[in-house]
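J.: Counting from 934, one number per residue, gives the positions in the sequence shown under my numbering. Glycine included, C-beta positions come from ideal geometry on N, C-alpha and C. These numbers were taken from a predicted model, which means no experiment stands behind them.
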Amino acid sequence: MRRASLAHPIYDPVRPWLLKLGAPSLDRLNALAEEAGLRTESGRAVRFVPPGKSDPYYEIHVYESGCVATRADNFHDLFNALAWLAFPRTKARINALHAAAIPGERGKRGPRRDLLTLFDEGGAILACADAELIDMIRQFRWKELFWENRSRALGYMRIVVIGHAVLDKALAPWPGIACKALPVRPGGNADAQVCEWLGSLPENATPRLLLPLPVFGYPGWLPGNDRAEFYDDTRYFRPFRRDSRER
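Spelled out as structure tokens, the structure:
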């Protein structure tokens, strides 16, 4: 495991479990899962198992059996397991919502499940009580947010990455890595807050409920972002386009 990269703050939410894990293995992951009492919302004990044949109803299988297909030597799968340990209620709720929706879809995933998938793979919890900072994100005012209000962002905004695909990509960080962020009130249990929010999603929910967030723009998270011109690169810090947002 590339431990030098794992010192980055983006791994803070899973760090306690990484320290307990030691050398990654399914046996160690399952020992931690048992210790934590991981359960699906169907009440099944969560266990990390070697992958079998490809299953188009993966989420239903997890919900009914508790078995999460995991390649022990794969960072993407490892971070998925660590996310289960760090955010057990959120992961169980995402799985339960997928499993409930799949039978009625006739093979075509709808926008609500798109939201669940994007958050599971690339989600971040944005703990911030400063409404003006949140507005800067909504309006893609990246330089204003991360540069002109740098100390304010550091003081009032905390990014907690839950998406295992983003945690995998962050082993080789670059400015283009972005999350789909959900604002929550600071100070509470973020896992519980997100689980509650997911439980209240309307049937017509879409990924537009989540905020795009280039996480490596956060002050100090990437070498070079201590310069104003870092945020002038519109390949990564894209300007607000009203027409595209309305679509």
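1. List the residues that DSSP assigns as beta-bridge partners of Pro1145.
2. Could you tell me whether the Cβ atoms of Phe1052 and Gly985 are closer together than 8 Å?
3. Given 8 Å as the limit, is there contact between the segment 1135-1155 and the segment 1103-1112, that is, 3 or more CB pairs closer than that?
4. Which one of Asp1165, Tyr1089, Ser975 and Gln1126 has the shortest CA to CA distance from Ala1062?
5. With DSSP as the reference, label Ala1161 as helix, strand or coil.
6. Check whether the segment 1127-1140 touches the segment 1073-1084, counting contact only when three or more Cβ pairs, one atom from each stretch, lie closer than 8 Å.
7. For Lys953, collect the residues of the same chain with a Cβ closer than 7 Å to its Cβ; drop the 5 residues on either side in sequence, then sort them by chain order.
8. Please determine, among Val982, Leu971 and Ala1029, the residue with the shortest C-alpha to C-alpha distance to Tyr996.
9. By the 10 Å Cβ neighbour count, where 16 or more other Cβ atoms means buried, how is Trp1075 classified, buried or exposed?
10. Going by other Cβ atoms of all chains shown within 10 Å of its Cβ, with 16 needed for buried, is Tyr1164 buried or exposed?
11. Between which two residues does the beta strand (DSSP E) containing Val982 stretch?
12. Give the DSSP-derived three-state secondary structure of Ile1092 in the structure shown.
13. According to DSSP, simplified to helix, strand and coil, what is Ala937?
14. By Cβ distance, which residues of its chain are closer than 6 Å to Met1069, with the 5 residues on each side in sequence left out?
15. Relative to the C-alpha of Arg1141, which residue among Trp1107, Thr1003, Val1099 and Arg1046 is closest?
16. Can you give me the C-alpha to C-alpha distance between Ala1025 and Phe1008, rounded to a whole angstrom?
17. In chain order, which continuous runs of the alpha helix (DSSP H) of length 4 or greater are located wholly inside the segment 1028-1090?
18. Measuring straight from C-alpha to C-alpha, what distance separates Ile1058 and Gly1121?
19. If you follow the alpha helix (DSSP H) that Val995 is part of, which residue opens it and which one closes it?
20. Taking DSSP as the reference, what is the three-state secondary structure of Glu1179?
21. Measuring alpha carbon to alpha carbon, tell me which residue in Gly1040, Gly1056, Ala1005 and Ala956 is nearest Ile943.
T.: Looking at the atomic coordinates:
1. Lys1113
2. no
3. yes
4. Tyr1089
5. helix
6. no
7. Leu965
8. Ala1029
9. buried
10. buried
11. Arg980 to Val982
12. strand
13. For Ala937, the predicted model reports a pLDDT of 46, less than 50, meaning its position is unreliable and no value from the coordinates is stated.
14. Glu1077 and Leu1078
15. Arg1046
16. 21 Å
17. 1044-1055, 1064-1071 and 1083-1089
18. 12 Å
19. Tyr991 to Ser998
20. The predicted model places Glu1179 with a pLDDT of 43, which falls under 50 and marks its position as unreliable, so this point remains unresolved.
21. Gly1056
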